[in-house]
Amino acid sequence: MKMTDKHKDIIISNFDTLCANMSKVLIHIVCDKLLAEKILITDEHEEVCESQAISRDKARKLLKILRTKDDRTFYVLIRVFKETNMLYLAKILEDADNEDEEGEDTRELEEQLRNSLRAKLASWHLWDPDLI
0 MKMTDKHKDI
10 IISNFDTLCA
20 NMSKVLIHIV
30 CDKLLAEKIL
40 ITDEHEEVCE
50 SQAISRDKAR
60 KLLKILRTKD
70 DRTFYVLIRV
80 FKETNMLYLA
90 KILEDADNED
100 EEGEDTRELE
110 EQLRNSLRAK
120 LASWHLWDPD
130 LI
């Protein structure tokens with residue numbers, strides 16, 4: 000199963016921030032954890048970790064690989080950021096992930112309130128379908 004478009008979009012929209020804030024040490028820690036979790040294969044781990052590229056390019060390469068993985072990858076990445084005290088990066092991803100869910104909750108609540116108001120107005124014989 001592939002990563003959902005939502006999680007890919009979150010990584011893409013925060014790509015520059017993630018790349019700019021991932022040091023070589025952090026990238027190696029992330030890669031090691033993802034290898035241990037069997038998310039990365041050895042070749043992918045080596046491609047990123049053994050590269051002589053600067054950290055920003057390593058991060059870029061890692062994030063491109065991660066977008067081809069499953070949704071579990073997204074949550075493991077957040078967990079590793081928390082474990083390495085990169086709470087800022089974890090928060091960016093978590094907030095973006097929760098953003099749509101809160102929007103859905105709000106829409107659901109608005110619909111419930113609208114239906115409740117319709118019922119109340121109907122009971123008072125005041126309901127006009129064009130009103131609400």
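Per numbering that gives the first Met the number 0: the sequence shown = residues 0 to 131.
We put the CB at the ideal spot given by N, CA and C, even for glycine.
Count the other CB atoms, across all protein chains shown, that sit within 10 Å of the CB of residue i; report buried if there are 16 or more and exposed otherwise.
{"i": "LEU86", "result": "exposed"}
{"i": "ALA19", "result": "exposed"}
{"i": "LYS1", "result": "exposed"}
{"i": "ILE64", "result": "buried"}
{"i": "GLU43", "result": "buried"}
{"i": "LYS68", "result": "buried"}
{"i": "ILE40", "result": "exposed"}
{"i": "LEU61", "result": "buried"}
Considering residue i, what are the terminal residues of the alpha helix (DSSP H) in which it resides?
{"i": "ASN20", "result": "14 to 20"}
{"i": "SER54", "result": "54 to 65"}
{"i": "ASP69", "result": "Looking at the DSSP string, ASP69 is not in any alpha helix (DSSP H), and its letter there is neither H nor E."}
{"i": "THR41", "result": "41 to 48"}
{"i": "LYS23", "result": "23 to 35"}
For residue i, I'd like the list of residues in its chain whose CB is within less than 6 angstroms of its CB, leaving aside the five on either flank, ordered along the chain.
{"i": "THR72", "result": "ILE38, LEU65"}
{"i": "VAL79", "result": "VAL29, LYS32"}
Going by Cα to Cα distance, which pick from the options is closest to residue i?
{"i": "SER22", "options": "LYS81, ARG55, ALA118", "result": "ARG55"}
{"i": "ASN97", "options": "ARG59, ASP15, SER122, ILE77", "result": "ILE77"}
{"i": "LYS5", "options": "GLU93, THR83, GLU45, GLU110", "result": "GLU93"}
{"i": "VAL75", "options": "ILE11, ASN84, ASP8, GLU36", "result": "GLU36"}
{"i": "ILE10", "options": "GLU110, LEU34, ASP70", "result": "ASP70"}
Which residues in the same chain have their Cβ closer than 7 angstroms to the Cβ of residue i, if we skip the five residues on either side of it in sequence?
{"i": "LYS57", "result": "LYS23, ILE26, VAL47, SER50"}
{"i": "LYS7", "result": "ARG66"}
Could you check how far apart the C-beta atoms of residue i and residue j are, in whole angstroms? I think they sit under 8 angstroms.
{"i": "ASN13", "j": "ALA95", "result": "7 angstroms"}
{"i": "THR16", "j": "ILE91", "result": "6 angstroms"}
Can you find a C-beta in chain D that's less than 8 angstroms from the C-beta of residue i?
{"i": "ASP8", "result": "The displayed structure is made up of one protein chain only, and chain D is not part of it."}
Less than 8 angstroms between C-beta atoms, sequence neighbours within five positions excluded: which residues of the same chain meet that for residue i?
{"i": "ALA52", "result": "LYS60"}
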